[in-house]
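One structure is given below, encoded as structure tokens.
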Amino acid sequence: MNSMIDSYLLQKKQLEDLNEKTKRLSEENQALRLQIETFEKKRFHIKRKIKSTRFYKVYRKLKDRIPKKESNIHSPSRKLEFNYDYMLSSYEYRFLKYKKARNNGYKINIQRISTPYAQNLVSIVLPVYNGDDYVEASIKSVLSQTYKNFELIIVDDGSTDRTPEIVDSCAEKDHRIRVIHQENRKLPRTLSRGFREARGELFTWTSADNIMHPQFLEKFVGEMKKYNHTGMIYGNMRLIDENGSPKTDFDWYREDREHPDSVILPGSVLELNTFANNIVGAAFMYRAVVASVVEDYSQYKYGIEDYDYWMKINELFALRHTSFDDIEYSYRMHPKSLTSHDAELKITENRYRQMLLDEFRRDYLMKPVYWIIDTEDTQNRCYRELCDAILKNGHKILNRTKAGQQTENLYERMIYVAFNKDADSEIKGIPDTSYKVLISETSSKVKNDLFDLYICNSPVSENDFIRNFKGWFGIKKGEDIFAYIDSKAKNTFLYDLEGDEAAKEQYSVNMSVIISYGGNEIHLQRCMDSITYEDSYEIIVVAGCDNAQVIRDKFSNDIKIVSCMSDNDATRKNCAARIAVGKYLVFLQDDCICGKEYLENISSVFQIHSDIATILGRVDVELPDEYKGQEKLFGAYNKYFDDIYDYQGWNIPSAYSFAVRSRQFKTAGGFYHVAEEFGSAFCNMAIIGMCVALRNVGRYIYASINCFITRIPEQISAADLECWMMSEKLSQYNLEIMGILVYDMWPEELSVMVNRLKKTVSEKNNLMERISLKCYERLLEQVRHDFREKEKVDLIRDMYRQLP
């Protein structure tokens with residue numbers, strides 16, 4: 090008996106010692122973890138300080154500006170397929186590629202659009218805030234124009250000096266002047282207020298401190314009449330100081346040695362949207378029909394609202410330098426001007442963020458849209474032509490029932506078109522976020538203003554004017570109606586997305602987990618079971634309409650179900666992200682399983698620093714035996730480190746483990762459709778593209794070993810493999826063309842790769858080698874095509890150069 094008691098006491102003491110040792114080790118482990126976290130934060134701050142130095146910024150700008158050329162490709166001993174020293178720059182070609190695609194089916198023919206504006210009348214808007222020192226001289230320069238058919242709309246933006254009495258006094262003396270007094274709303278909204286009141290065929294604006302030379306209007310109107318296909322023109326200008334004397338101490342396009350105060354602006358607009366530099370200046374004129382599409386100056390772009398506006402015009406219309414170099418406008422630089430407060434207002438800094446927005450904007454402008462069309466006469470010529478144009482350009486037409494299945498969101502919105510409907514009758518049964526258009530044979534009076542746009546098939550006059558750029562617009566052909574509606578509606582959608590990004594941050598939960606559902610309920614359940622659910626999380630499942638209805642009936646009410654008409658993976662993710670209310674967004678595929686404390690680890694990484702925008706984690710992939718060794722193709726990534734990540738083509742993390750701050754997601758706009766023809770497949774590079782795009786504007790990518798995912802793909806076919814590989818390769822190439830990734834696709838290297846694969850396939854006839862060969866042959870064909878286009882330097886630059 091004693092021996093049993095002694096044995097028990099001994100075991101008890103051993104257990105107590107073991108517990109004590111476990112407790113001590115746990116404390117040591119916690120202390121070590123705190124030290125590691127502190128070390129990681131210190132390391133991050135050191136790297137961040139290095140990257141904020143002037144030297145590093147100069148280095149990055151020079152590195153990004155100079156195209157990468159591999160020495161083994163461009164060495165003298167190697168025969169080159171193309172003359173790389175004489176071809177379009179990457180910035181030029183990037184915009185050209187977009188413009189050619191946009192003009193193929195979406196081109197707005199302004200000569201075939203009748204507008205409700207006064208022919209030959211020029212509307213000049215003059216915004217002013219506390220400008221009593223210069224505004225009278227600016228007004229006098231307008232009244233001294235040799236071209237007399239104009240209206241001057243002065244918008245006093247809540248001035249507190251003598252400005253209101255000065256502008257009112259001028260208006261009393263000349264009937265062409267109208268004055269609007271308002272509370273202070275800043276320049277963008279002040280400009281928009283003025284142009285919403287404008288009734289002229291042509292628009293321009295001038296600042297209260299600038300001077301129009303006497304022939305400014307006459308010359309610019311002459312250009313617009315002569316080149317009637319052009320949407321906007323801009324010209325050179327002269328710089329003056331606060332006293333009106335020539336200003337010569339500047340580095341801004343100084344090309345005229347005889348007149349050192351002259352700013353001779355570039356003749357080509359190919360780089361306006363792709364390199365952060367506004368080349369338009371203050372001397373310009375554009376058509377009212379252009380303003381009817383682009384509408385307001387962005388209230389979210391204070392300081393660069395004009396640059397943003399010119400970029401929109403360049404995307405949708407022809408923007409050109411005047412055919413003459415004569416200077417007809419003086420731009421005053423003085424301590425009170427916005428230009429003088431560049432650093433304070435972050436004007437130059439914001440231009441680089443503007444490039445990110447515009448890249449997304451061009452991607453969105455090429456995105457297909459869903460249309461709902463209401464007509465009682467399906468034989469109507471205009472109806473049939475519009476339907477043909479919609480389908481020809483890859484868009485789809487839905488009925489009301491189908492349209493109602495989609496969860497309403499700000500990203501994927503629809504266009505509703507009603508033919509020959511009473512303009513004041515109620516619209517029923519369509520999503521609230523739809524853009525609404527009425528098309529009639531002729532114009533009519535509108536009382537209730539229920540539609541966003543009014544179009545008729547006959548010419549219109551000033552009497553058909555509806556405020557806020559709504560109509561009536563006379564357009565006869567269905568293809569022209571399609572291009573006009575698509576441009577105007579998408580511009581509205583994009584502006585709403587911009588407003589969503591600029592809105593005050595209000596999050597209901599800490600984290601939104603967005604799961605893309607492909608139809609396998611077992612996978613979805615397994616994925617959701619792996620998530621450690623907390624009240625501070627929300628789970629969103631995004632799926633096609635049919636699948637969404639199935640899981641809505643089978644799964645808990647605790648999750649949000651987002652139903653999306655599109656089968657494009659990027660579109661679905663963008664839709665769900667715009668509905669999410671979490672501070673952080675975590676994107677998962679339904680065939681993924683979260684590792685231990687996955688969401689907690691993501692949250693911890695984001696706490697390191699607010700400039701960490703995106704996180705990429707570790708991914709393991711479980712494959713059948715026949716695909717062993719191909720884990721990387723299926724998203725595996727097992728590099729063991731926790732650190733800031735800079736994109737390297739040889740070391741690309743897996744986007745199957747991905748998180749982003751909600752605010753930064755909106756700053757980027759969303760995921761690009763970089764591989765549209767393979768859009769239903771998950772695209773690793775589309776997500777990497779967002780990470781690097783945000784990195785390019787000063788945010789950081791963090792790669793973390795602790796953010797761990799296991800992926801278990803469902804049954805795989807050879808067609809799936811080909812689709813994934815082709816999608817990845819073409820997406821990477823498109824991101825390089827877009828300038829998000831450093832360009833590194835050369836036909837000489839690809840040709841070597843193709844020949845090597847051909848030899849391997851002939852010897853082994855391996856499935857993966859055959860698929861790789863097919864992908865690289867397709868890629869080589871595309872790369873060669875693009876370089877052949879880049880070689881047409883003179884022809885293409887002439888097309889986008891100064892008017893002849």
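For the sequence shown, the tail end lands on 893 under my numbering, and the numbers increase by one without skipping.
We treat Cβ as the ideally placed atom computed from N, Cα and C, and that holds for glycine.
With 16 other CB atoms within 10 Å as the buried threshold, where does residue i fall?
i: residue 477; result: exposed
i: residue 150; result: Its pLDDT being 48, under 50, residue 150 is placed unreliably in this model, and the coordinates cannot settle the point.
i: residue 517; result: exposed
i: residue 155; result: Per-residue confidence for residue 155 stands at a pLDDT of 48, beneath the threshold of 50, marking its modelled position as unreliable; the derived number appears in the next sentence. The residue in question, residue 155, is exposed, as its Cβ has fewer than 16 Cβ neighbours within 10 Å.
i: residue 611; result: exposed
i: residue 490; result: exposed
i: residue 632; result: buried
i: residue 152; result: Legend: pLDDT at residue 152 = 49, less than 50; position of this residue unreliable, no value from coordinates given.
i: residue 669; result: buried
i: residue 496; result: buried
i: residue 623; result: exposed
i: residue 546; result: buried
i: residue 548; result: exposed
i: residue 636; result: buried
i: residue 592; result: exposed
i: residue 205; result: buried
i: residue 588; result: exposed
i: residue 160; result: Note that residue 160 scores 41 on pLDDT, short of 50, meaning its location in the model is unreliable and no value can be drawn from it.
i: residue 158; result: Residue placement at residue 158 cannot be trusted, given a pLDDT of 43 that sits under 50; what the coordinates show is reported in the next sentence. So residue 158 ends up on the exposed side.
i: residue 147; result: A caution first: residue 147 carries a pLDDT of 48, below 50, which makes its placement in the model too unreliable to give a value.
i: residue 753; result: buried
i: residue 537; result: exposed
i: residue 339; result: exposed
i: residue 891; result: buried
i: residue 904; result: Nothing about residue 904 can be read from this structure; the chain reaches only from 90 to 893.
i: residue 107; result: exposed
i: residue 515; result: exposed
Taking C-beta to C-beta, are residue i and residue j nearer than 9 Å?
i: residue 533; j: residue 657; result: no
i: residue 67; j: residue 388; result: There is simply no residue 67 to check, as the chain begins at 90 and stops at 893 in what is shown.
i: residue 176; j: residue 711; result: no
i: residue 404; j: residue 265; result: no
i: residue 543; j: residue 523; result: no
i: residue 629; j: residue 601; result: yes
i: residue 539; j: residue 512; result: yes
i: residue 895; j: residue 832; result: No statement about residue 895 is possible, as the shown extent of the chain runs from 90 to 893 and does not include it.
i: residue 328; j: residue 396; result: no
i: residue 826; j: residue 183; result: yes
i: residue 309; j: residue 294; result: no
i: residue 311; j: residue 199; result: no
i: residue 876; j: residue 170; result: yes
i: residue 786; j: residue 453; result: no
i: residue 528; j: residue 508; result: yes
i: residue 305; j: residue 208; result: no
i: residue 230; j: residue 302; result: yes
i: residue 408; j: residue 758; result: no
i: residue 678; j: residue 607; result: yes
Check the C-beta distance from residue i over to residue j and give it rounded, since I have them as a contact under 8 Å.
i: residue 377; j: residue 290; result: 6 Å
i: residue 423; j: residue 330; result: 6 Å
i: residue 463; j: residue 510; result: 7 Å
i: residue 195; j: residue 482; result: 7 Å
i: residue 869; j: residue 822; result: Actually they do not touch by this definition, with Cβ atoms about 10 Å apart.
i: residue 709; j: residue 803; result: The Cβ separation is near 16 Å, so there is no contact.
State yes or no: is the C-beta of residue i nearer than 8 Å to some heavy atom of the ligand MN?
i: residue 307; result: Ligands in the displayed structure: none, and consequently the ligand MN is not present.
So, does the region 211-220 touch the region 239-255, judging by three or more C-beta pairs under 8 Å? yes
Specify whether the region 794-806 and the region 665-684 touch according to this definition: at least 3 beta carbon pairs, one from each stretch, less than 8 Å apart. yes
Does the structure place the region 800-813 close enough to the region 858-872 that three or more beta carbon pairs sit under 8 Å? yes
Kindly provide the ranges of any beta strand (DSSP E) runs that are 3 or more residues long and lie completely inside the region 227-300, ordered along the chain. 239-246, 266-271 and 289-294
Does the region 748-757 come into contact with the region 641-660, if we say contact requires no fewer than three beta-carbon pairs (one atom in each stretch) closer than 8 Å? no
Run through the region 391-432 for me and flag every whole alpha helix (DSSP H) of 4 or more residues, listed as ranges in chain order. 394-405
Segment contact flag, the region 242-256 with the region 278-288, C-beta cutoff 8 Å, min 3 pairs: yes
Which runs of the beta strand (DSSP E) at least 3 residues long sit entirely within the region 563-609? Give them in chain order. 598-605
Contiguous alpha helix (DSSP H) assignments of at least 4 residues, all confined to the region 434-477: 436-454
Along the chain, which unbroken stretches of the alpha helix (DSSP H) at least 4 residues long are found entirely within the region 700-775? 751-757
Between the region 732-745 and the region 771-781, do at least 3 Cβ pairs fall closer than 8 Å? yes
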